[in-house]
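Written below as structure tokens is the structure these notes are about.
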Amino acid sequence: MRKLFLLAIISLIFLCGCVYERGIILFNTQPITRENALSDEKIFSEGQKVYYLFIAPKKMKNKYIRVQIFKMTDLAPLGGAEIVRTKDFRLMKDERYYHSDYFTLYTKGKYVMQVFSIDDLQHPLSIGDFYIK
Numbered sequence: 003m004r005k006l007f008l009l010a011i012i013s014l015i016f017l018c019g020c021v022y023e024r025g026i027i028l029f030n031t032q033p034i035t036r037e038n039a040l041s042d043e044k045i046f047s048e049g050q051k052v053y054y055l056f057i058a059p060k061k062m063k064n065k066y067i068r069v070q071i072f073k074m075t076d077l078a079p080l081g082g083a084e085i086v087r088t089k090d091f092r093l094m095k096d097e098r099y100y101h102s103d104y105f106t107l108y109t110k111g112k113y114v115m116q117v118f119s120i121d122d123l124q125h126p127l128s129i130g131d132f133y134i135k
């Protein structure tokens, strides 16, 4: 019985996939401050500014991040995702734990934002979704 239990634990360790630490992305209609940082909004109007706050899972060692926004649609050839916006940002020394900015979108739909470390563009640091109505 003990050998079976030990075998089960070892197989769980080796058969489970890697889990990456993820940060969070908070969206808001107003510039993000201490007072409204925890009021996360998901639905925005066309042409409205979408403010976001990315909080990293741990201190980022590199100086650059890439923010990518894509639209979920049935018409896109790559599995339903159409890249709408990609922008690289340089982080200052005091911004190694977070990044805040805004953007504006003019087309209705469901969007997904990903934040990558510029060193690893395969595994996003954070993923968040929102809607433009």
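This note's numbering applies: residue 3 is where the sequence shown begins, and numbers increase by one.
We put the CB at the ideal spot given by N, CA and C, even for glycine.
No experiment lies behind these values; they were computed from the predicted model shown.
With DSSP run on the structure shown, which of helix, strand or coil describes residue i?
i          : result
residue 14 : Confidence at residue 14 is low in this model, with a pLDDT of 46, below 50, so its placement is unreliable and the value that follows should be read with caution. Helix, per DSSP.
residue 76 : coil
Go ahead and label residue i buried or exposed: buried means 16 or more other beta carbons lie within 10 angstroms of its beta carbon, across all protein chains shown.
i           : result
residue 107 : buried
residue 45  : exposed
residue 71  : buried
residue 39  : exposed
residue 59  : exposed
So which of the options has the shortest CA-CA distance to residue i?
i           : options         : result
residue 49  : 42, 31, 118, 23 : 31
residue 126 : 117, 35, 33, 47 : 117
residue 119 : 98, 103, 85     : 98
residue 112 : 93, 82, 68      : 82
So, is the C-beta of residue i closer than 7 Å to a C-beta in chain D?
i           : result
residue 132 : Of the protein chains in the structure, only one exists, and it is not chain D.
Quick one: give me the first and last residue of the beta strand (DSSP E) that residue i is part of.
i           : result
residue 128 : 128-134
Exercise for review: Count the CB pairs spanning the stretch 97-117 and the stretch 50-60 that are closer than 8 Å, and state whether there are at least three.
Suggested key: Under the three-pair Cβ rule at 8 Å, the stretch 97-117 counts as touching the stretch 50-60.
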